[in-house]
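Student: Dropping a structure here in structure tokens format, bear with me for questions.
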Amino acid sequence: MFFSPPGMAPGFLWKIGFCVVCYTICGSLAAKPEVDPKRCLVWGPGLRSHFNVPVRYFFIQAVDKDGTNFTDSVGDEIFELGVSGGNGERVRIRVDVLDRHDGVYIVRLKPYQAAENLQISITWKGQHVANSPYKIRGPIYQEKCYCPVQNRTRWYEELGCPSSYQQIEDDLAPFPKIDMEKVAPEAVYRKTHGTIIDFKMFVDAILLSLARKVRLPDVEFFVNLGDWPLEQQKPEDGAIPIVSWCGSDSTLDIIIPTYDITEATLEMLGRVTLDIFSVQANTGPKWPDKSQVAFWRGRDSRQERLQLAELSQKHPDMIDAALTNMFFFPKNEEKYGPNSKYQINVDGTVAAYRLPYLLAGDSVVLKQDSEYYEHFYKRLTPWEHYIPFKRDLSDLLDKIQWAREHDEEAQKISKNAQEFVRENLHPAEILCYHVKVFEEISKRLTKKPVATEGFELLEHPTDKFDSVCECKRLKKTAGKKRDEL
């Protein structure tokens, strides 16, 4: 309500008040930045022909007309892609565009046939983006095509593999020489400790996939098909090298990426719906709008998980934790809690294989201190990539409260974790790590591997339509047999 001072005509201040209101309304209708197609940035390994992974990928950074990078989604409209062969012919290829909600878009291409000189057109509202159309000169091959690069060093370069991994060096340090004839009898006995033989399909899948892409070294090794790391003896007491998905501070297993993240790499845009890219597009509300109640779901496979559920009942304002019947937890994107700022990671039978997905999301991870680890854990730094809490959960509530009181620091830790995943757990990295492990084991073998009685030959698919291709580089090495596993 407005009042006119003495001597002033009624309504004068009413007009001023109206103008102030009008100014406020007009100011709130500031124009939203528009995407400038030519200023946008496009980059990524999937634009190179020799980058042979199950699903190719590259990135688009949205940029406005002032040359400023978008730091949020540009809205419901997305970049459109068209893919054709070098002569304009149709190519059987699946195209997927993911919005990371930070101004960056992930483009994924899954070819179902070999193609030559692929042309990729990227447009925004009908206008070409950056240097579109992009031409991938040379052949590209689908996942089931047998066309291995003969020179492993060249393959490493094409995928951008690191020259070495400290974890592999540490794992193999106790085994400078490996004589499979000496360790085989002991390994046969150890087979009786594992009954989940169906898990061999995960090992078969990655070996066959790699053999189609690169000439693998002659190598022989034992694989643990269970989650528990096995080798507890010291080298001087007869320890044998066993390849496992999980390691521990009290065992000497040689660690490779878990079957979970490996399958998510091989079956991306296939039967697996959640992978290291898709989780980046399912980040939930913006950080300020996320819940400050820490989230967890999982099976009752460890005592601390039961304690966590009890803690949630006592402190529902701090923790939302519940037991589920899910075996493979990360297959359902909606159940890992993107609506919360805080994700709790607690060991299951061994290390919780969901950690890569939690780190990739837009939440900060509170990770339990643990003796168990995956192949990448030792590259993570507490308070830089996650918030640690004690194994017995005794300080978990304090750590959640710290995150609440240090919101900017918590968000920074979350961003660091996302960047770590993008640099270290992308599909090419998973393939690189496997081959590096096999190569380092091969170097330590005292005798050349020979398939003996009891070995089963794994054949590459030849009768399916998506395995048919013409591998030009194999023509140069005609007469050589396929790698057999």
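In terms of mature numbering (1 follows the signal peptide of the UniProt record, and there is no 0), the sequence shown is residues -30 to -1, 1 to 455. Note that CB positions come from ideal geometry on N, CA and C, so glycine has one too. Quantities reported herein were computed from a predicted structural model and do not represent experimental measurements.
1. Distance, Cα to Cα, T221 vs L177?
2. Only counting the same chain, and skipping five residues up and downstream in sequence, which positions put a Cβ closer than 7 Å to that of F346?
3. Should K311 go down as buried or exposed, given a rule of 16 or more other Cβ atoms within 10 Å for buried?
4. Let's test the definition: count the other Cβ atoms within 10 Å of the Cβ of E440 and tell me whether it reaches 16, buried, or not, exposed.
5. Just to confirm my understanding: we take R70, look at its own chain, exclude 5 residues before and 5 after, and list those with CB closer than 7 Å. What are they?
6. Helix, strand or coil for M171? Go by DSSP, reduced to three states.
7. From the DSSP output, in three-state form, read off Y327 for me.
8. In three-state terms, what does DSSP make of G16?
9. Just grab the DSSP bridge partners of W94 for me.
10. Per DSSP, W266 forms a beta bridge with which residues?
11. How many angstroms separate the CA atom of S412 from the CA atom of K369?
12. In chain order, which alpha helix (DSSP H) runs of at least 4 residues are fully inside the region 339 to 410?
13. Quick one: using the 10 Å Cβ neighbour count with 16 as the cut-off for buried, is V420 buried or exposed?
14. Might you give, ordered along the chain, the residues of its own chain that have their beta carbon closer than 7 Å to the beta carbon of T253, omitting 5 neighbours on each side?
15. If I measure Cβ to Cβ from E113 and keep anything under 6 Å in the same chain, skipping five residues before and after, which residues do I get?
16. To the nearest angstrom, report how far apart V335 and F425 are at their CA atoms.
17. Hey, out of T41, T228, I148, whose CA is closest to V173's CA?
18. With three or more beta-carbon pairs closer than 8 Å as the criterion, would you say the region 377 to 390 touches the region 321 to 330?
19. I need the straight-line Cα distance from I212 to E190, nearest angstrom please.
20. Assuming L186 and L180 make a contact with CB atoms under 8 Å, what is their CB distance in whole Å?
21. When DSSP labels each residue in this structure, what does Q120 get in the three-state scheme?
22. Return the first residue and the last residue of the beta strand (DSSP E) that I138 is part of.
23. Leaving aside the five residues before and after R64 along the sequence, list all residues of the same chain whose C-beta is less than 6 Å from its C-beta, in chain order.
24. Buried or exposed: which applies to A143, given that a residue is buried once 16 or more other Cβ atoms fall within 10 Å of its Cβ?
25. Going by DSSP in three states, S179 sits in which element: helix, strand or coil?
26. Kindly list the residues whose CB is nearer than 7 Å to the CB of Q202, restricted to its own chain and excluding five residues on each side of it in sequence; keep chain order.
27. Are the beta-carbon atoms belonging to residue 458 and G55 less than 8 Å from one another?
28. Do you know how far the Cα of Q137 is from the Cα of R349?
29. Among T41, K35, G37, S19, which has the Cα closest to the Cα of W257?
30. Specify, as a first and last residue, the run of the beta strand (DSSP E) that D273 falls within.
31. So, using beta-carbon positions, are E274 and L363 closer together than 8 Å?
32. Just reading off the alpha helix (DSSP H) that I231 is part of, what are its end residues?
33. Using a 10 Å radius around the Cβ and a threshold of 16 neighbouring Cβ atoms, would you call H376 buried or exposed?
34. Buried or exposed for Q120, please, with buried defined as at least 16 other CB atoms from any protein chain shown within 10 angstroms of its CB.
35. Using the DSSP secondary-structure output, state which residues sit across from K337 in a beta bridge.
36. State the Cα-Cα distance for the pair H20 and R324, rounded to the nearest angstrom.
Tutor: Checking against the coordinates, here is how it stands:
1. Numbered from its first residue, the sequence shown carries residue 221 at position 251. Numbered from its first residue, the sequence shown carries residue 177 at position 207. Near 25 Å, if we compare the C-alpha coordinates of L177 and T221.
2. As a position in the sequence shown, residue 346 is number 376, starting the count at 1. Apart from sequence neighbours up to five positions away, the residues of its chain that approach F346 with a beta-carbon distance below 7 Å are N394, L395, ordered along the chain.
3. Mapped onto the sequence shown, residue 311 falls at position 341. Flag for K311 reads buried.
4. Against the sequence shown, residue 440 aligns to sequence position 470. Of the other Cβ atoms in all chains shown, fewer than 16 fall within 10 Å of the Cβ of E440; this residue is therefore exposed.
5. By 1-based counting over the sequence shown, the position of residue 70 is 100. Non-local beta-carbon contacts of R70 in its own chain, meaning distances under 7 Å to residues more than five positions away in sequence, involve I76, Q250, A251 in chain order.
6. Numbered from 1 along the sequence shown, position 201 holds the residue referred to as residue 171. Looking at M171 - three-state DSSP - the assignment turns out to be helix.
7. Position 357 of the sequence shown holds residue 327. Three-state DSSP puts Y327 in a helix.
8. For the purposes of this step, residue 16 is taken as residue 46 along the sequence shown, with counting starting at 1. Here G16 carries a helix assignment [DSSP, helix/strand/coil].
9. On the sequence shown, residue 94 is found 124 positions in, with the first residue counted as 1. DSSP output for W94 lists Q97 as bridge partner(s).
10. What you label residue 266 is simply residue 296 of the sequence shown in a count that begins at 1. Bridge partners of W266: A291.
11. One-based indexing of the sequence shown puts residue 412 at position 442. One-based indexing of the sequence shown puts residue 369 at position 399. It is roughly 45 Å from the alpha-carbon of S412 to the alpha-carbon of K369.
12. Qualifying alpha helix (DSSP H) stretches, in chain order: 366 to 375, 377 to 394.
13. Locating residue 420 in the sequence shown gives position 450, where the first residue counts as 1. Counting Cβ neighbours within 10 Å, V420 comes out exposed, since fewer than 16 surround it.
14. Position 283 of the sequence shown, counting from 1, holds the residue named residue 253. If you ignore the 5 residues before and after T253, its C-beta comes within less than 7 Å of the C-beta of H71, P308, G331, D332, all in its own chain and listed in chain order.
15. In the sequence shown, the residue the question calls residue 113 occupies position 143. Excluding the 5 residues flanking it on each side, E113 has same chain C-beta neighbours closer than 6 Å at P24, in chain order.
16. Taking the sequence shown and counting its residues from 1, one reaches residue 335 at position 365. Taking the sequence shown and counting its residues from 1, one reaches residue 425 at position 455. V335 and F425: Cα-Cα distance of roughly 43 Å.
17. In the sequence shown, residue 173 corresponds to position 203, counting from 1. Among T41, T228, I148, the Cα nearest to that of V173 is on T228.
18. The region 377 to 390 is in contact with the region 321 to 330.
19. Taking the first residue of the sequence shown as 1, we reach residue 212 at position 242. Taking the first residue of the sequence shown as 1, we reach residue 190 at position 220. Going by the C-alpha atoms only, they are around 11 Å apart.
20. Indexing the sequence shown from 1 puts residue 186 at position 216. Indexing the sequence shown from 1 puts residue 180 at position 210. Right, their Cβ atoms sit about 6 Å apart.
21. Within the sequence shown, numbered from 1, the residue matching residue 120 stands at position 150. Looking at Q120 - three-state DSSP - the assignment turns out to be coil, as it is neither helix nor strand.
22. Taking the sequence shown and counting its residues from 1, one reaches residue 138 at position 168. If you look at I138, you'll find it isn't in any beta strand (DSSP E); it sits in the alpha helix (DSSP H) that goes 136 to 142.
23. Taking the first residue of the sequence shown as 1, we reach residue 64 at position 94. Taken in chain order, the residues that qualify are K80, L239.
24. In the sequence shown, counting from the first residue as 1, residue 143 sits at position 173. By the Cβ neighbour-count rule, A143 is exposed, with fewer than 16 other Cβ atoms within 10 Å of its own.
25. As a first step, residue 179 must be located in the sequence shown, where it is residue number 209. The answer is helix: DSSP assigns S179 an H, G or I state.
26. By 1-based counting over the sequence shown, the position of residue 202 is 232. S220, T221.
27. What is shown of the chain runs -30 to 455, which leaves residue 458 out entirely.
28. Stepping through the sequence shown from its first residue, residue 349 is reached at position 379. Stepping through the sequence shown from its first residue, residue 137 is reached at position 167. Here the alpha carbon of R349 sits roughly 9 Å from the alpha carbon of Q137.
29. In the sequence shown, residue 257 corresponds to position 287, counting from 1. The shortest Cα separation from W257 among T41, K35, G37, S19 belongs to T41.
30. Translated into positions along the sequence shown, residue 273 becomes position 303. The sequence shown places Gln at residue 273, rather than the Asp named in the question. Not the beta strand (DSSP E): Q273 falls in the alpha helix (DSSP H), residues 273 to 284.
31. Residue mapping note: residue 274 aligns to position 304 of the sequence shown, counting from 1. Residue mapping note: residue 363 aligns to position 393 of the sequence shown, counting from 1. The answer is yes: Cβ separation under 8 Å.
32. Within the sequence shown, the letter at position 261 stands for residue 231. Residues 229 to 236.
33. As a first step, residue 376 is located in the sequence shown; it is residue number 406 there, counting from the start. Burial call: exposed.
34. In the sequence shown, residue 120 corresponds to position 150, counting from 1. A residue is called buried when at least 16 other Cβ atoms come within 10 angstroms of its Cβ; Q120 does not meet this threshold and is exposed.
35. In the sequence shown, residue 337 corresponds to position 367, counting from 1. Paired residue(s): N315, P358.
36. The count along the sequence shown starts at 1 and reaches residue 20 at position 50. The count along the sequence shown starts at 1 and reaches residue 324 at position 354. Each residue's Cα considered, the two are about 31 Å apart.
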